[in-house]
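Residue numbers (the working numbering): 2 to 139.
Taking it in order: structure first as structure tokens, then the write-up.
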């Protein structure tokens, strides 16, 4: 099964949120059905804080460097300079990921600020870098 970040809408507050590959992988590791949550992370957190402490679960999403090769993520372009040939993407967790022009998909020559993109992440000596970056629109 191919895991991908997917956009969802919270049934409680109506905000859009990303059901991340990291969350899907955690469900898979626990042998649970990979089903998008009905609530956004903020509403889930509020719901958890309303429960008695013995009912709370602790779970930490794996770092993106723990993801297998080829996993597609969704993020937004923080900024990109065609003149410089690089910029940064913000992933679902809010981390900034470097992107170089050589990592853009064929036929893509620029990225617009705020644009949604699909990408893979790889670890380099300097930190995480986005590769195979493809625009999804705003």
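All residues carry an ideal CB built from backbone N, CA and C; glycine is no exception.
Just so it is clear, the structure is predicted and the values come from calculations on it, not from any experiment.
**OP:** Tell me, please, which residues DSSP counts as bridged to residue 19.
**Re:** The residue labelled residue 19 in the question sits at position 18 within the chain shown. When DSSP reads this structure, residue 19 sits in a beta bridge with 8.
**OP:** Can you have a look at residue 47 and say buried or exposed, based on whether 16 or more other CB atoms are within 10 angstroms of its CB?
**Re:** Counting from one through the chain shown, the residue named residue 47 turns up at place 46. Residue 47 comes out exposed.
Original post:
Exposed or buried, what is residue 6 when buried is set at 16 or more other beta-carbons lying within 10 Å of its beta-carbon?
Top reply: Indexing the chain shown from 1 puts residue 6 at position 5. Buried, because 16 or more other Cβ atoms sit within 10 Å of the Cβ of residue 6.
**OP:** Under the assumption that residue 114 contacts residue 137 (Cβ atoms under 8 Å), give the Cβ distance between them as a whole number of angstroms.
**Re:** Here residue 114 corresponds to residue number 113 of the chain shown, with the count starting at 1. Here residue 137 corresponds to residue number 136 of the chain shown, with the count starting at 1. Contact flag wrong, Cβ pair sits at about 14 Å.
Subject >> Cut-off 7 Å between Cβ atoms - residues of its own chain near residue 91, not counting five sequence neighbours on either side >> reply: On the chain shown, position 90 is the one that residue 91 refers to. Shown here for residue 91: same chain residues with a beta carbon closer than 7 Å to its own, the five before and five after excluded, namely 76, 77, 79 and 97 in chain order.
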